[in-house]
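Asks:
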Amino acid sequence: MLQWLGLPAAASSHAGDIDQMLVLVHWLMAVLFVGWGIFFVFVLFRFRRGANPKADYTGAKGKLSKGIEVAIVVAEMVLLIGYAIPAWAKRVQQFPAESEATVVRVAGEQFAWNVQYPGADGKFGRSDVALVSADNPLGLDRNDPDGKDDITTINQLNVPVDRPVLIHLSSKDVIHSFGLYEMRVKQDAIPGLDIPVWFIPNRPGEYEITCSQLCGLGHYRMRGFMTVQRQADFDTWMADQVKQLAPQ
Ligand SMILES: [Cu+2]
13 MLQWLGLPAA ASSHAGDIDQ MLVLVHWLMA VLFVGWGIFF VFVLFRFRRG
63 ANPKADYTGA KGKLSKGIEV AIVVAEMVLL IGYAIPAWAK RVQQFPAESE
113 ATVVRVAGEQ FAWNVQYPGA DGKFGRSDVA LVSADNPLGL DRNDPDGKDD
163 ITTINQLNVP VDRPVLIHLS SKDVIHSFGL YEMRVKQDAI PGLDIPVWFI
213 PNRPGEYEIT CSQLCGLGHY RMRGFMTVQR QADFDTWMAD QVKQLAPQ
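Residues in the sequence shown are numbered from 13 upward in steps of one, following my numbering.
(1) Near V35, which residues of its chain fall below 6 Å by C-beta distance, leaving aside the five closest residues on each side in sequence?
(2) In chain order, which beta strand (DSSP E) runs of at least 3 residues are fully inside the segment 100–125?
(3) How would the residue list near ligand 1 read, in chain order, if you kept each one whose beta-carbon is closer than 5 Å to any heavy atom?
(4) If you drop the 5 nearest sequence neighbours on each side, which residues of the same chain put their C-beta closer than 7 Å to that of G47?
(5) Which stretch, first to last residue, makes up the alpha helix (DSSP H) that contains L92?
(6) To test your reading of the DSSP string, which unbroken alpha helix (DSSP H) runs of 4 or more residues are found completely within the segment 139–176?
(7) Work out the CA separation of V186 and A124 for me, nearest whole Å.
(8) Below 8 Å on the Cβ atoms is my guess for Q122 versus G230; work out the distance and round it to an integer in Å.
(9) Could you pull the start and end residues of the alpha helix (DSSP H) that R58 belongs to?
(10) Measuring CB to CB, does D31 end up less than 8 Å from L19?
(11) Between the beta-carbon of W210 and the beta-carbon of P108, is there less than 8 Å?
(12) Comparing alpha-carbon positions, which option in A96, M238, R61 lies nearest H269?
(13) Is the segment 43–63 touching the segment 216–228 in the sense that three or more CB pairs, one from each, lie closer than 8 Å?
(14) Once the 5 residues before and after V37 are set aside, which same chain residues still bring their CB inside 7 Å of it?
(15) Run through DSSP, which three-state label would P213 get?
(16) Can you name, in chain order, every residue of its own chain whose Cβ lies under 8 Å from the Cβ of P176, other than the five neighbours on each side?
(17) Taking 7 Å as the cut-off, is the C-beta of W48 nearer than that to any heavy atom in ligand 2?
(18) What is the DSSP secondary structure of M13, counted as helix, strand or coil?
(19) With C-beta atoms as the reference, is G131 less than 8 Å away from D153?
(20) Which two residues bound the contiguous beta strand (DSSP E) that contains D206?
(21) Along the chain, where does the beta strand (DSSP E) that runs through T239 open and close?
(22) May I have the straight-line CA-CA distance separating F45 from I84, to the nearest angstrom?
(23) Just to confirm, is the Cβ distance from Q241 to N167 under 8 Å?
(24) How many angstroms separate the CA atom of K160 from the CA atom of M195?
(25) Taking S182 and A119 to be in contact with their CB atoms under 8 Å, please state how far apart those CB atoms are, rounded to whole angstroms.
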C-alpha cells in the first residue's frame, strides 16, 4: 500500500510511524469504499420498486448491520487510540532537551522563511519590531550581548543529520504553515505565538520548506530549503556564516 500512496521520501525518525498510520487509514477506507459500493448496488436491486411497491420506513433490523457498524467503530477507535493519539503525544509532549538539539527560530512572513540560529552562546538575541528593516527582517538587536553572535538566513535552514531539531516557529504577519513533507512535519505559524516543532532528520539531502496555508498573493513563491548534512559539513557551513558576520 505504501508505494501506491505516492508519498514523498521519508527522511525523519518518526516518518515511518506516520506512514504506517496513513497505510492503515487507507486500508480501512478502501474496505469501507468497496463495502459501501457493494451494499449500494445490493440495495438498488433488493429494494427495487418492482419487488417493493410499498416503502418500508423502519430501515435495517438484522444483526449483521449492527455488527458491521460496531466493527467499524472499533477499527476507528484502534486507529485513534492506538496510533494517532500516541503519535501526536510524542510530537507535543516529549520534546528533546535544548542541549541535545539544534535549536532554531523560524519566522514566516509574506513571503519568506526567516531563520535565526542562537550562535555560539546558545541564546537568542532580543528582537524588536522597531528594528525591522529590509536588512534585518527579524528586527534582531545586535547591541544585545545575546544577539551579537546570532546567525540569520532567509529561506535556508541547515541542520545536522541524526540530531534532534527543535524549531521555535512564529510568524511576522499572517498565518503561514511550515511544511516539511519529507520530515512528515506540518505546523501552522501564527503571529504572536511561539510554537515548538521537533523532528530528527535521518537522511542527508536537500528538502523543500513549503508554506502550506494560502497566505496572500505571493503564497506560491513562499518556499525555502532545508539542507540536512553530516555534522562536519554543518560545522563548516556554520563557521562560514560566522565569518560573514564578523565585519559587522
Ligand atoms: Cu505563507
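Where a beta carbon is used, it is the ideal one built from N, C-alpha and C, also for glycine.
These numbers come from a predicted model, not from an experiment.
Replies: Answer, in terms of the structure:
(1) M13, L14
(2) 114–121
(3) H188, C223, C227, M234
(4) none
(5) Premise fails: L92 is in no alpha helix (DSSP H) and is neither H nor E.
(6) none
(7) 12 Å
(8) 6 Å
(9) 27–58
(10) yes
(11) yes
(12) There is simply no residue 269 to check, as the chain begins at 13 and stops at 260 in what is shown.
(13) no
(14) L91
(15) strand
(16) P108, E112, A113, T114, W210, F211, I212
(17) This structure simply doesn't include ligand 2; it includes ligand 1 instead.
(18) coil
(19) no
(20) Element bounds for D206: n/a, residue is neither H nor E.
(21) 235–241
(22) 12 Å
(23) no
(24) 31 Å
(25) 5 Å
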